[in-house]
RNA sequence: GGCCCUGUAGCGCAGUUGGUUAGCGCGUCGCCCUGUCACGGCGAAGGUCGCCGGUUCAAGUCCGGUCAGGGUCGCCA
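In the working numbering, the protein residues as written are 118 to 552.
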């Protein structure tokens, strides 16, 4: 493989010969001097070529360049205060055109997100987009580091299933030889299975699918779910405690590695949250929101405006961007959430809200098979249809709990972006299967 | 799926009460330009006004339908 220098390293290098590979961001083609703004995945640099005489092949070659063309540049690095772009430039010695680009691009920086998604590979040449995926990589690495240091095992659960993992709604159905299969909408049952398998602590980062015709800035039909499950917990408080540490680890890592660049490109200050995060029982949160003038109409659950209101309350009262809403009513939670001892109306569950957007649902799970079956029946589910799942609990089960978190929502909120579409590699929604 | 909004050049937009040849900025192309850096100057190309139908002497403009997109709600992560 041909060695090349990266633009981001040039500032620290001494003047001398360099080789760069990248694409033409802008060509300023004057009669006597030519400037190429060259970009690679790490930054922009000016390449300069003063035409030595009227007839010059290299200058003619530069003139053929179009924006977006991929090229090799051979030249000499020169630090020069005149150059506003980083105080340095490359004096061009040789140009190799790898591929010329069509001169007119179908999108520009101010193009709406939907058209930019059509041409995502062009959109992602923007430094902001490059940074988004570096941030994502840093977040996942921080989580993995935390998990590995705390004795977790990684699992990869199947995404093809014979039946629904939770409800029959929102399921994608597909042909499967002589029968049908469904795409997993959650690894929920499998990560619980791992507890009964004695794995103790597990995590999974993987795709999930929801056939939900939802048109909002924070929903997709396929997205990456971050899941964790742990045994031997006393309550959902133990799960929240782990999640806090994960969020702090990720945000600290992003701040350390990309804080300045995020400030420069997104004008966002990355704020590492303090622990513990505020915790508010849901019933109390509903009252707080009501006192602020927003009546939550749906029975005992929080609506999006309520989540924004409670986030505003928490920001004012605790100066905190996160809040755990805890102890949701059993009416709005799935059958496998454990209920409070002595109060079956409430579950040992929580949602994590970050700046007004829900990013996580977590809970202690019901591990006692007879109670689990009873709760399924109360939800109108047929235990026969859940046989594979319920059998997990038949041969001994530890107490356990966990959570699922939307990766794109975390990144969207981290970078203060208006939509998960801005921060995903490619978006999948009810109206989008391409590219 | 409900409600609201938007579809006009490659991109972002303007278009008056329905009235001649549909404009502006960016981009693209051509010529000029010795250090530009949002380079600059001069010029040019580029349009089935989302689509179908209706009203009218006349529709980008009004009406109906339809398609696409956005926001929001429901639902969730």
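Cβ coordinates follow ideal geometry from the N, Cα and C atoms, glycine included.
Rounded to whole angstroms, residue 512 and residue 257 show a C-alpha spacing of 34 Å. Judged by pairs of C-beta atoms under 8 Å, the region 518 to 537 touches the region 468 to 480, as three or more such pairs exist.
For residue 351 and residue 395, the gap between their C-alpha atoms comes out near 19 Å. Contact between residue 443 and residue 397 holds, since their C-beta atoms are separated by about 7 Å, short of 8 Å. Distance from residue 156 to residue 139 at the Cβ level is roughly 5 Å; contact confirmed, criterion being Cβ atoms closer than 8 Å.
Partner residues in the beta bridge of residue 343, as assigned by DSSP, are 322, 522. Residue 129 carries a helical assignment under DSSP once its states are collapsed to helix, strand and coil. In the displayed model, residue 490 falls within a helix according to three-state DSSP. 313 is the residue among 120, 313, 238, 160 whose C-alpha sits nearest the C-alpha of residue 348.
When 510, 326, 521 are compared, the shortest CA-CA separation from residue 475 is found for 521.
Annotation: residue 252 is outside any beta strand (DSSP E); the continuous alpha helix (DSSP H) that includes it extends over 244 to 266. In the DSSP secondary-structure assignment, residue 348 is bridged to 517. Just so you know, the alpha carbons of residue 124 and residue 247 end up roughly 14 Å apart. Closest in alpha carbon position to residue 174, among 455, 216, 538, 212, is 212.
Assignment of residue 548 by DSSP, reduced to helix, strand and coil, places it in the coil class.
Scanning the region 443 to 484 for uninterrupted beta strand (DSSP E) segments of 3 residues or longer gives 460 to 464, 466 to 471, 474 to 482, listed from N- to C-terminal end. Bridge partners of residue 531 according to DSSP: none are assigned. Contact between residue 306 and residue 299 is absent: CB atoms are separated by about 12 Å, not below the 8 Å threshold. Judged by their CB atoms, residue 319 and residue 311 are nearer to each other than the 9 Å cut-off.
The DSSP-derived three-state label of residue 512 is coil. Around the beta carbon of residue 153, 16 or more other beta carbons sit within 10 angstroms, so the residue counts as buried.
Your pair residue 180 and residue 218 does not check out as a contact, with CB atoms roughly 15 Å apart and the cut at 8 Å. With fewer than 16 other Cβ atoms inside 10 Å of its own Cβ, residue 126 counts as exposed. For residue 140, the beta-bridge partners assigned by DSSP are 156, 187.
In the three-state scheme derived from DSSP, where H, G and I count as helix and E and B as strand, residue 135 is classed as strand. Excluding residues up to 5 positions away in sequence, 313, 484 lie with their Cβ nearer than 6 Å to the Cβ of residue 514 in the same chain. Judged by DSSP secondary structure, residue 295 falls outside any beta strand (DSSP E); it is assigned neither H nor E.
Taking a cut-off of 8 Å on C-beta distances, the region 377 to 393 does not touch the region 451 to 459, as fewer than three cross pairs fall below it.
Between residue 136 and residue 189, the gap from beta carbon to beta carbon is short of 9 Å. Pairing residue 466 with residue 478, the inter-Cα distance amounts to about 8 Å. The beta carbon of residue 192 sits closer than 7 Å to the beta carbons of 135, 164, 207, 208, 209, 210 from its chain, once the five residues preceding and following it are set aside; these are given in chain order.
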